[in-house]
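Structure record follows, encoded as structure tokens.
Residue numbers (the working numbering), protein chains in the order written: chain P, 228 to 866; chain W, 3 to 666.
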């Protein structure tokens, strides 16, 4: 009975697609040279060797709407790894030939490594080919099967794709004694239609979507997971030997699986590691100070190199190995950190966490897709501190910027874990204070700047300097200190680390900016906003952008520009003060005249980590006012 | 123009050679020893103080290429042995991971790698940790080095075995780190004689016979890294050695130099005219679909053929192509690789009786062809030359059209294959010649802008037209052919935004976007009306008009390091700008003379480099004309001062501010 239903359904959708001609689709999707006419995915879950596994059958039919598709879109790639190996990959095109079609098979499929950025070696592969003669009116077909050998790692279903999707259907079938849960995200518009069929011995969920625009990407946006409609699913339990076995129903299940990767490391049993821990903490009794020293050592001595081959992507290496090799990935650094800390008597734990790219909490989505990172969490006097070994200049006590606000899964013991919220660092703790003294010369202005960088700003400066040799350093300082115009000529400079542990950095530089300021007849004009923190480009195109704007962290910037009024001039016009404040940011410009000096103070407080589209109008209005304010010049008059 | 370029190049080579000579006064001689240099007990090396601010220093870069008889075959073992002294974190990042790229038929026979710690302790890389990888068509062996820290040394050595190859090249300079000692050895059986040549100061010996082996040695010492410089293509100036097989003493002997450019011409001609009957039949069918007008002359035919093929065939070097009847395959799949597409064009040209020459050219972004050391691999670009018009096309770039070539091959040298018939045998004679550029005046990025103030005097209404011609259009026109419509609109807006720094743009118009518009060099015109407040500032009652920003931000070279390389432009060009400003009633401009800038350099009465801006005021209208000229492709290092002055003149104009005051 059910089979017939599916067949009817398939032919119905085929007819629906047929009904639209190439011209109609081209009119519907004027910005695309091809569409995905049908995307069909059938994932069936079953028990094999006492474990749940899956097989995913994928069929995609593309249709070229323009001859340019042949040049631009004929390359097609299928990505796979050791947990979802591809078999039976076949592809062909049906090229219009008079009143019918001519079938051309794809004969060359090449499989290469597709190692992700930041990773040195993994098992991700890309099988790719060209669709032959993918010109207007040509239908291109690709089909393959993916064996999902570990059912913990089922990937979600997304309605949209790199091309518009005319119709997409994802079917999930599983035995009736298996319990599967699903969750549809970002779909207030009900793009994804879900039907459930719970009759018979095989249950089935079907997710369908039609006429979806291609996935858009926006600068400074959070990842597509925050806004593209998608469905997440998981096997909550299955039946084995007549008993219901929990699989991934809740965080307990996930943690149990995760613990199996770290439980047997025997991580602290190594004399060399012990002597390293002892030498790093010699004479120190305060656990926080011990933690500081150990964290700093790992940050500065272990370089980031990631090997993620199969389960290697989940299992941290032994701390002693990481220590000898002097490199590792996040898990390896977490391994070494926890081991050294534990050897020094500090309560330290392996911790799983997702970076801010991932919108989920474990409590909501108890799946491996919720995280992509590992750190160490330490508990000192009932206070939790999160230590990320991958950031060589992260401040002790600060989380690394990209995990702020995320839920952390802290592994206490085999049977105990904690879910903790990583704090978001307030703006006062990340500051730039810039004091720039300038005087007017015959050619323009000349001055010296002293800038203090604090918190994440200090971390950024040090991260940048870490990978620069002396020659690059000057260029970096110039780009960092440059102001007034691109005619900024850098003179002598000094970079001082005031406090290594707090990453408080001070850069001082002498400079000239010819052609800045204007002398006409008896007057001299100068804009004291040497650095404009906003430009016309800061205005958001609300018609186009429907996705929020992300900040790496909250911060405060204070810029003092102190002008020496030349002896033969007096101040004849000072711009008015200005300030504005909303829920995204606060900004002000304040002018003070004191003896023979005029001081302009520009202050910005950025309060948001993620500005929502609803806040865009308020933002734009504020920016327009600021831009008007930035146009105000100070006027000096010859005495 | 070309004569000048050539003399400049010669001048540069001489200078580099002289510098190298000066630096080698007390240095080593050629070392012909083939002994293994992998020390049993390695020690940390002393570094040359001149390099102590580098991230890492190459202590040794040793390359040994050995041709050996193995059974009936000659195989090649290439050894690469490097020792790197790590100076800091950047150095660790660069060298704690090693990638060994492999040629198609290559096999790694031996890999050794170790870290030597500052205290002398040695950590060897476990061979089982070496991974294989393939990306973008290249295979690699990759591994990570254990224990690398500041003051340590990374040492690795590997030997790659390949089948016999005729042409080789080894680089001895990088853009990343300096090297203290570099050595090269080419070892062959005595009967096989190779030619070798050092470039840019790399010393290479004549060959010498030692124990039945013929050996060529090379070296350089204390080679600094080559830094990137604006307006330069640095690769051809890197130290290197090229070598090629020239004589087989056991067969043709000393008298016959093999694998010359003449031979290349013959072979290449044979490859590109090797069509099967099926190919030719399929091409006949294809030609019928090409809309060639009945009255088309030869030039018109070339243009129509090029446009049709490029619009219909996807050219990508990764396309495999069929084993035989490749042209049938191209027509069926509408895809071709860079080699087969040449064959496809030659078949069509032959059928249509179009006279052409296949040209093998160097790329300016790569390494130059050397006419004496015949390294066939240097002929990187394939072009078509048409004797009837003296023009060229490239078969591989679908974004260009007759007569424009991609800028990386203009002004280069190339081997022109002229077909000839000897008896019944068709072959080609190869001669080197220059590949000229299209006339300099035709390459332009011009602008016509008119500006008026609105009633409130705080907003400018700008009508802007950007007029782009010749090579300059090569960068823009493909956007309007290949990008999706919504992206085109976005990019157009961004281009117009440059004029007024505002996204408030209306009446957008883009003209002459077709690739065939290159044929008569119709300008690509991007126009729009901009409303902006960004170019005006207030100084009490005065209005400051940042007129210079109308030309957009310009490249600046205000603070440059001492120049190493000649200046090389992507293409010679002119920028003519006309700005008309309507001054608001009752206002006058207090400093119009700031608009006058004149920095020009002439050679034989012709401006070769210049930036000239001047204005004329008629009533309330100020008309500014700006001419910026870069007439040549190449300027010697000695012209660097002049060049930066012109570049900076334009960046200076960008900062000109007019002061408007109520007339009273």
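C-beta atoms are modelled at their ideal positions from N, C-alpha and C, and glycine is treated no differently.
Just so it is clear, the structure is predicted and the values come from calculations on it, not from any experiment.
* Asked: List, in order along the chain, the chain W residues whose C-beta lies closer than 9 Å to that of residue 716 of chain P?
  -> The contacting residues are 560, 561.
* Does residue 555 of chain W have its Cβ less than 9 Å from a Cβ in chain P? -> yes
* Asked: Skipping 5 residues on each side, what residues in its chain have a beta carbon closer than 6 Å to that of residue 454 of chain P?
  -> 413, 774
* Asked: Mind pulling the chain W residues with CB within less than 8 Å of residue 854 of chain P?
  -> 535, 536
* Through-space distance from residue 736 of chain P to residue 708 of chain P, alpha-carbon basis -> 7 Å
* Contacting residues, own chain, Cβ-Cβ under 8 Å from residue 449 of chain P (five flanking each side not counted) -> 583, 584, 586, 774, 775, 777, 837
* Report yes if the C-beta distance between residue 556 of chain W and residue 655 of chain W is below 9 Å; otherwise report no. => yes
* Using a Cβ-Cβ distance under 9 Å, would residue 349 of chain W count as near chain P? -> no
* **Burial state of residue 101 of chain W (16 or more Cβ within 10 Å)** => Counting every other CB atom within 10 Å of its CB across the protein chains shown gives residue 101 of chain W a total below 16, marking it as exposed.
* In terms of residues, what are the limits of the beta strand (DSSP E) holding residue 69 of chain W? -> 58–72
* Sequence ranges, alpha helix (DSSP H) only - wholly within the segment 71–109 of chain W, length at least 4 -> 91–97
* Span of the beta strand (DSSP E), counted from its first residue to its last, around residue 645 of chain W -> Per DSSP, residue 645 of chain W belongs to no beta strand (DSSP E); it is in the alpha helix (DSSP H), 642–655.
* **Contacts of residue 691 of chain P in chain W (Cβ-Cβ under 9 Å)** => Those do not exist, as residue 691 of chain P stays about 11 Å from chain W at its closest Cβ, beyond 9 Å.
* Boundaries (first-last residue) of the alpha helix (DSSP H) holding residue 527 of chain P -> Residue range 514–528 is occupied by the alpha helix (DSSP H) that includes residue 527 of chain P.
* Asked: Using the rule of at least 16 other Cβ atoms within 10 Å of the residue's Cβ for burial, across every protein chain shown, is residue 427 of chain W buried or exposed?
  -> exposed
* **Contacting residues, own chain, Cβ-Cβ under 6 Å from residue 406 of chain W (five flanking each side not counted)** => 520
* **9 Å Cβ cutoff, residue 486 of chain W in contact with chain P** => yes
* To do: Would you mind sorting residue 595 of chain W into buried or exposed? The rule is 16 or more other CB atoms within 10 Å of its CB.
  => exposed
* Asked: Does residue 553 of chain P come within less than 9 Å of chain W when only Cβ atoms are used?
  -> At least one beta carbon of chain W lies nearer than 9 Å to the beta carbon of residue 553 of chain P.
* To do: Report yes if the C-beta distance between residue 440 of chain P and residue 738 of chain P is below 9 Å; otherwise report no.
  => no
* Asked: Cβ of residue 208 of chain W versus every heavy atom of the ligand HEM: is any distance shorter than 8 Å?
  -> Annotation note on the ligand HEM: not contained in the displayed structure, which lists no ligands.
* Asked: Do the segment 412–420 of chain W and the segment 347–366 of chain W make contact, defined as three or more Cβ pairs closer than 8 Å?
  -> yes
* **Member of P/650, P/763, P/684, P/761 whose CA lies at the smallest distance from the CA of residue 783 of chain P** => P/684
* Asked: Per DSSP, residue 366 of chain P forms a beta bridge with which residues?
  -> P/290, P/321
* To do: Tell me whether residue 40 of chain W sits in a helix, a strand or coil according to DSSP, three-state version.
  => coil
* Range of the contiguous beta strand (DSSP E) that encloses residue 239 of chain W -> Premise fails: residue 239 of chain W is in no beta strand (DSSP E) and is neither H nor E.
* Grab the span of the alpha helix (DSSP H) containing residue 271 of chain W for me, first residue to last. => For residue 271 of chain W, the enclosing alpha helix (DSSP H) covers residues 263–274.
* Along chain P, in chain order, which residues have C-beta atoms closer than 7 Å to that of residue 94 of chain W? -> 530
* Just to confirm, are residue 541 of chain P and residue 146 of chain W a CB contact at a threshold of 9 Å? -> no
* **Strand pairing of residue 263 of chain P, partner residues [DSSP]** => P/289, P/392
* Does DSSP put residue 2 of chain W in a helix, in a strand, or in coil? -> With chain W represented from 3 up to 666, any question about residue 2 of chain W goes unanswered, as that position is not in the structure.
* Let me know the secondary structure DSSP gives residue 353 of chain P once reduced to three states. => strand
* Contact check, residue 343 of chain P vs residue 349 of chain P under 8 Å by CB: the rounded distance? -> In this structure residue 343 of chain P touches residue 349 of chain P by the C-beta definition: roughly 7 Å separates them, less than 8 Å.
* Cβ neighbour criterion (16 or more within 10 Å) applied to residue 859 of chain P -> buried
* Using only alpha-carbon positions, find the residue among W/155, W/475, W/221 that is nearest to residue 126 of chain W. => W/155
* To do: To the nearest angstrom, report how far apart residue 24 of chain W and residue 199 of chain W are at their CA atoms.
  => Here the model assigns residue 24 of chain W a pLDDT of 37, short of 50, so the residue's position is not dependable, and the following value carries that caveat. When rounded, the distance between both Cα atoms is 19 Å.
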